[in-house]
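**Student:** Take 1 as the starting number for the sequence shown in full-length UniProt numbering and just add one per residue. Beta carbons: idealized from backbone N, C-alpha and C, even for Gly. All values reported here derive from a predicted model rather than from experimental measurement.
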Amino acid sequence: MRADIWLWAARFFKTRALAKQALAAGKIACGGVACKPARLLRVGERLDIARGEERFEIEVLALANTRGPATMAQTLYRESPASSAARAALREQRRLQQAGTPQPPPARPGKRDRRRIHAFKQGL
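1) How would you write the range of the alpha helix (DSSP H) that Arg-94 sits in, first residue to last?
2) Identify the continuous beta strand (DSSP E) that holds Arg-2 and give its terminal residues.
3) Count the other CB atoms within 10 Å of the CB of Phe-13; is the residue buried (16 or more) or exposed (fewer)?
4) Curious, which full-length alpha helix (DSSP H) runs of at least 4 residues does the stretch 22 to 92 contain?
5) Expressed to the nearest angstrom, what Euclidean distance is found between the alpha-carbon atoms of Asp-4 and Gln-74?
6) Compare the beta carbon distance of Phe-56 and Glu-92 with 8 angstroms and say whether it is the shorter of the two.
7) Counting only the same chain and skipping the five closest in sequence on each side, list residues whose C-beta sits under 8 angstroms from that of Gly-68.
8) With DSSP as the reference, label Ala-107 as helix, strand or coil.
9) Can you find the residues in the same chain that come closer than 7 angstroms, C-beta to C-beta, to Thr-66, ignoring five residues on each side of it along the sequence?
10) Out of Gly-123, Met-1, Gln-122 and Ala-89, which one is the CA nearest neighbour of Leu-61?
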């Protein structure tokens with residue numbers, strides 16, 4: 001099974017072309033070695049996947065040629081506990097960093113809001 005097809009079927013990438021680009025850029029390693037798109041994957045292989053800031057360390061459990069529902073895609077691999085813990089820690093760190101920054105206003109005032117502002121200013 002080709003690596004780019006499997007990554008697409010396992011829902012790590014939205015399109016096969018994106019999976020192919022990531023493989024060509026060296027963002028996916030099979031057993032510590034950069035993997036090419038046409039590399040044949042086998043059950044039991046370990047993959048290191050870098051997708052943005054996220055890092056996955058997974059083991060291939062099954063092969064699939066077609067992209068199915070997410071529940072089926074999750075049965076194709078097993079993520080290592082260290083990898084899932086590191087991703088959870090990174091997610092928590094990003095959440096805490098954003099907690100101290102002020103949030104911008106949701107949007108410009110609408111027609112109703114402008115009427116209220118105008119009425120408030122007229123009352124002063």
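**Tutor:** In this structure, then:
1) In the sequence shown, residue 94 corresponds to position 94, counting from 1. From DSSP, the alpha helix (DSSP H) with Arg-94 extends over 81 to 99.
2) For the purposes of this step, residue 2 is taken as residue 2 along the sequence shown, with counting starting at 1. Counting along the chain, Arg-2 falls outside any beta strand (DSSP E), and DSSP gives it neither H nor E.
3) Mapped onto the sequence shown, residue 13 falls at position 13. It is buried - the Cβ of Phe-13 has at least 16 other Cβ atoms within 10 Å.
4) Listed in chain order, the complete alpha helix (DSSP H) runs (minimum 4 residues) inside the stretch 22 to 92 are 70 to 73.
5) Translated into positions along the sequence shown, residue 4 becomes position 4. Translated into positions along the sequence shown, residue 74 becomes position 74. When rounded, the distance between both Cα atoms is 17 angstroms.
6) Taking the first residue of the sequence shown as position 1, residue 56 is located at position 56. Taking the first residue of the sequence shown as position 1, residue 92 is located at position 92. Their beta carbons are not under 8 angstroms apart, which means Phe-56 does not touch Glu-92 by this criterion.
7) The residue labelled residue 68 in the question sits at position 68 within the sequence shown. Taken in chain order, the residues that qualify are Ala-9.
8) To locate residue 107, count along the sequence shown from 1; it is residue 107. In the structure shown, Ala-107 sits in coil (DSSP, three-state: anything other than H, G, I, E or B).
9) The residue given as residue 66 occupies position 66 in the sequence shown. Hits under 7 angstroms: Ala-9.
10) What you label residue 61 is simply residue 61 of the sequence shown in a count that begins at 1. Nearest option by C-alpha distance: Met-1.
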